[in-house]
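Notes follow once the structure below has been shown.
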Amino acid sequence: MPTTMGRRERKKAQTRQALSEAALRLFSEHGYDGVTVAQIADEADVSIATLFAHVPDGKEALIFDDGSERRLWLTAAVHDRPPGQSVLEALRRSMAARGPFTDDLPPELRHKRDLIVNTPALREYSRKLWIACEEALAEAIATESGRDPSDMTIRALARYVLEIPELAGTEPDPLAALNAIFDLLEHGWPESPGKP
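Quick note: the sequence shown uses the working numbering, first residue 3, plus one each step.
Following this line, the structure appears as structure tokens:
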């Protein structure tokens with residue numbers, strides 16, 4: 003049974019949402035580097051102290067969630083995959099439907115995605131959120147493959163998968179790049195033609 007959010011939690015969520023919307027609006031109008039934390043706080047009608055209470059990581063974190071949703075859908079992709087589907091195929095399909103890899107997004111999310119992809123500081127923060135999912139993804143992969151999550155190969159696979167958005171997201175065809183990387187992870191490095 004879902005729990006109802008109390009007044010304090012609702013107020014915090016509303017403030018966080020107002021900050022996120024103000025940051026996105028200002029970044030869109032003036033560029034990321036042309037906006038200060040003080041301007042965002044002013045636009046959202048909160049103090050700078052309130053802004054940092056809600057988003058201690060600073061302005062690059064303002065248009066992102068805390069990463070928990072990302073961890074949930076990554077681990078769900080692994081655990082809830084259809085019978086017979088490999089872990090890597092499940093992750094490929096799940097990633098292909100998100101962020102820079104799909105055009106099937108509402109206009110406001112497409113705009114946010116484009117801002118992130120085209121702003122180095124936001125891309126780097128996004129990468130930080132992806133890498134923060136490594137332990138949870140490694141545990142999910144280990145559980146599904148019957149291996150120990152501390153196995154270096156499990157951790158390496160999780161890390162490689164989590165680097166894909168940064169590597170492929172800015173390519174001219176991000177989805178083709180994502181697929182090429184997953185093909186490499188699934189099938190290994192092909193020997194060069196003509197080599198014995």
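Idealized CB from N, CA, C, for every residue including glycine.
Remember, it's a predicted structure, so these values are computed and weren't measured experimentally.
Excluding sequence positions up to five before and after Ile50, its CB lies within less than 7 Å of the CB of Val39, Ala40, Ala43, all in the same chain and listed in chain order. For Val89, the closest of Ala142, Arg27, Ala170, Pro167 by C-alpha to C-alpha distance is Ala142. With a cutoff of 8 Å on beta-carbon distance, Ile166 and Met97 are scored as near each other. Val48 carries a coil assignment under DSSP once its states are collapsed to helix, strand and coil. Less than 8 Å separates the beta-carbon of Val57 from that of Leu21.
Per the C-alpha coordinates, the member of Phe29, Ala92, Asp47 positioned closest to Leu64 is Phe29. For Arg72, the closest C-alpha among the options Thr145, Ser147, Gly101 is that of Gly101. In this structure, Leu164 and Trp132 form a Cβ contact; the two beta carbons are roughly 5 Å apart against a cut-off of 8 Å. In this structure, the beta-carbon distance from Glu188 to Ala179 does not fall below 8 Å. Of the other Cβ atoms in all chains shown, 16 or more fall within 10 Å of the Cβ of Phe103; this residue is therefore buried. Here Gln87 carries a coil assignment [DSSP, helix/strand/coil]. Burial is judged here by how many other beta carbons sit within 10 angstroms of a residue's own beta carbon; Ala15 has fewer than 16 and is exposed.
If you check the CB distance, Phe184 and Ser128 do not come in under 8 Å.
By the C-beta density criterion, Pro109 is exposed, having fewer than 16 other C-beta atoms within 10 angstroms. DSSP places Val119 in the uninterrupted alpha helix (DSSP H) bounded by 109-119. In this model, Leu177 and Asn120 are separated by some 17 Å (Cα to Cα). DSSP places Ser152 outside both helix and strand once states are collapsed to three, so it counts as coil. Only buried fits Ala144, as 16 or more other CB atoms lie within 10 angstroms of its CB.
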